[in-house]
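Written below as structure tokens is the structure these notes are about.
Now the structure itself:
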């Protein structure tokens, strides 16, 4: 067998010559390296066969004949018709000729002169050289590996091995990681049994520390000299819902005073919480806490907690009519995990005080005696002979504004300007008002409130009435607070007749 190394261009080394069959058909085996240059002489059929067997060749031409199953390799070799040199004609790529990578890659053909009865069967064994570098059959030259946030040490993820089409040690590959970031929790493992490659964690993975790692995976074959190939290895850390939202404070108060006349839908304050997870796990949604209790119910009645953390006014505030002048309630921040069972939450407390705007006008309730404060009082009336300073009614004046100072007076008529207040029982025009108000210390019982927003007065007569002069006495009550807000009420009291006037004879009486 003759073996022609790649470095040899024309020289032949005869290893052995075998006769396979009869005297009319012999075989010649030649061993060569792949990738020999075109024109390289790999053997001489005249010297190796015809001369050796003393077969005359004078005047005859050498020809090459390819068997049917070898026709696809017809362009690999040629024979010089005169000298009998067998030369390389086309590219000899062992990996292309023998893609299944068998132990022997061979090309077969026959050389003859005038008759196939004197043919020589030639077997060319094509030897592997280290001409293929390791590579990965993946798109984009990137391998992606995924670990879960929280994976512990010793967790393995298999990696696709590189492919080296060379044979034997030329195709055996070892691996290393380059550009691995300091402290990266990964190492490369390769099993001895099946040569499988994997990436193994060296400690617990924390996505919040780093969510991805990029490194270079290098494959080195055992050829001489060795060939290398590389690919980017991208490690992605998949988030799990391992963190709950965190409020930036435990107790919230508005950044500015909140008055009772704030506009509906206006913002009271903004909640702020963060979640170190990503995606839905890191999306924070806000709401009222599902806490029972009156405070929580009252807050829900007047306020709304929007999903984005804004707390707004839901319905008008009225300090003077609200039972409580503040809101104290709990809110939650939760993540947006699709499975509600695994959602994580945080809780904070919100305190909002409502301030009075002093916007309430005084109200007047007059309870005429003896009917009192009834829902449908009858028309008030007094006898004409009622004594001066006699009490005819009880007046309750309320101003719901806290600490507001209220002054009340009587006027001659409700349709007179507000400036016509009585002073010392007289109007500014010097006319006497029929009734005046005196502060009262009388207990009105359960029908009247007793808080600081109420004032009590007695309505008393300011003169002696004479029905024969006037049968009605009309007047008004005016109350003003410190903000010049005004409450008014007007009444007409009927003067009832008493038998206080004797009969009067207008002329002489004539008896018939």
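Residue numbers (mature numbering (1 follows the signal peptide of the UniProt record, and there is no 0)): -27 to -1, 1 to 485.
Beta carbons: idealized from backbone N, C-alpha and C, even for Gly.
1. Pick out whichever of 320, 324, 275, 446 has its Cα sitting closest to the Cα of residue 228.
2. Tell me which residues share the same chain as residue 444 and place their Cβ nearer than 6 Å to its Cβ, disregarding the 5 neighbours each side in the sequence.
3. In whole angstroms, what separates the C-alpha of residue 380 from that of residue 452?
4. Measure the alpha-carbon distance for residue 121 versus residue 270 and round it to whole angstroms.
5. What is the DSSP secondary structure of residue 292, counted as helix, strand or coil?
6. What residues in its chain sit with their C-beta under 7 Å from that of residue 290, if we drop five residues either side in the sequence?
7. Ignore the nearest five residues each way along the sequence and tell me which others in residue 441's own chain have a CB closer than 7 Å to its CB.
8. Would you list, in sequence order, the uninterrupted alpha helix (DSSP H) runs of no fewer than 4 residues that lie entirely inside the stretch 62 to 108?
9. Locate the alpha helix (DSSP H) running through residue 271, then write down its first and last residues.
10. Quick one: measure Cβ to Cβ for residue 102 and residue 8, integer angstroms, because I've assumed they're closer than 8 Å.
11. Would you call residue 384 buried or exposed, if buried means 16 or more other Cβ atoms sit within 10 Å of its Cβ?
12. Use the C-beta contact count for residue 391: other C-beta atoms within 10 angstroms, 16 or more gives buried, fewer gives exposed.
13. Mapping the DSSP letters down to three states, classify residue 151 as helix, strand or coil.
14. Assuming residue 202 and residue 77 are in contact, meaning their beta carbons sit under 8 Å apart, how far apart are those beta carbons, in whole angstroms?
15. Indicate the three-state DSSP secondary structure (helix, strand or coil) for residue 387 in the structure shown.
16. Within 10 angstroms of the Cβ of residue 272, are there 16 or more other Cβ atoms? Answer buried if so, exposed if not.
17. Are the beta-carbon atoms belonging to residue 357 and residue 471 less than 7 Å from one another?
18. Tell me whether the stretch 53 to 71 and the stretch 15 to 30 touch, counting them as touching only if at least three CB pairs, one residue from each stretch, are closer than 8 Å.
19. Just to confirm before moving on: does the CB-CB distance between residue 264 and residue 240 stay below 7 Å?
20. In whole angstroms, give me the CA-to-CA distance for residue 248 and residue 211.
21. Residues in the same chain with beta-carbon distance under 7 Å from residue 156, minus the five sequence neighbours each way, listed in chain order, please.
22. Can you tell me the Cα-Cα spacing of residue 109 and residue 136, whole angstroms?
23. Where does residue 111 fall in DSSP's three states?
24. Who does residue 186 pair with in a DSSP beta bridge?
25. Does the separation of the CB atoms of residue 253 and residue 310 fall below 7 Å?
26. Taking the beta strand (DSSP E) that residue 308 belongs to, which residues open and close that run?
27. Measure the C-alpha to C-alpha separation of residue 225 and residue 283 and round it to an integer number of angstroms.
28. Which partner residues does residue 284 have in the DSSP bridge list?
29. Count the other CB atoms within 10 Å of the CB of residue 91; is the residue buried (16 or more) or exposed (fewer)?
30. Can you tell me which of the three DSSP states residue 449 falls into?
31. Who are the Cβ neighbours of residue -20 in its own chain at under 7 Å, not counting the five residues just before and after it?
32. When the Cα atoms are used, what is the spatial distance from residue 286 to residue 277?
33. Tell me which residues share the same chain as residue 138 and place their Cβ nearer than 6 Å to its Cβ, disregarding the 5 neighbours each side in the sequence.
34. For the alpha helix (DSSP H) holding residue 254, just list the boundary residues, first then last.
35. With DSSP as the reference, label residue 20 as helix, strand or coil.
36. Can you check which of these residues, 26, 346, 408, is closest to residue 362 by C-alpha distance?
Inspection of the coordinates gives the following:
1. 324
2. 468
3. 5 Å
4. 42 Å
5. coil
6. 233, 235, 275, 327
7. 474
8. 67 to 70
9. 267 to 275
10. 6 Å
11. buried
12. With a pLDDT of 40 at residue 391, under the threshold of 50, the predicted position of this residue should be treated as unreliable, and no value is reported.
13. strand
14. Not really, about 26 Å apart at Cβ, beyond 8 Å.
15. Low confidence applies here, because residue 387 scores a pLDDT of 45, under 50, leaving its location unreliable and the question unanswered by this model.
16. buried
17. yes
18. yes
19. no
20. 16 Å
21. none
22. 6 Å
23. coil
24. 208
25. yes
26. 299 to 308
27. 12 Å
28. 242, 278
29. buried
30. strand
31. Caution is warranted here: a pLDDT of 45 is assigned to residue -20, below 50, making its placement in the model unreliable, and the coordinate value is therefore given only provisionally. If we look at residue -20 and ignore the five residues flanking it on each side, it has no Cβ neighbours.
32. 6 Å
33. 68, 105
34. 252 to 255
35. helix
36. 408
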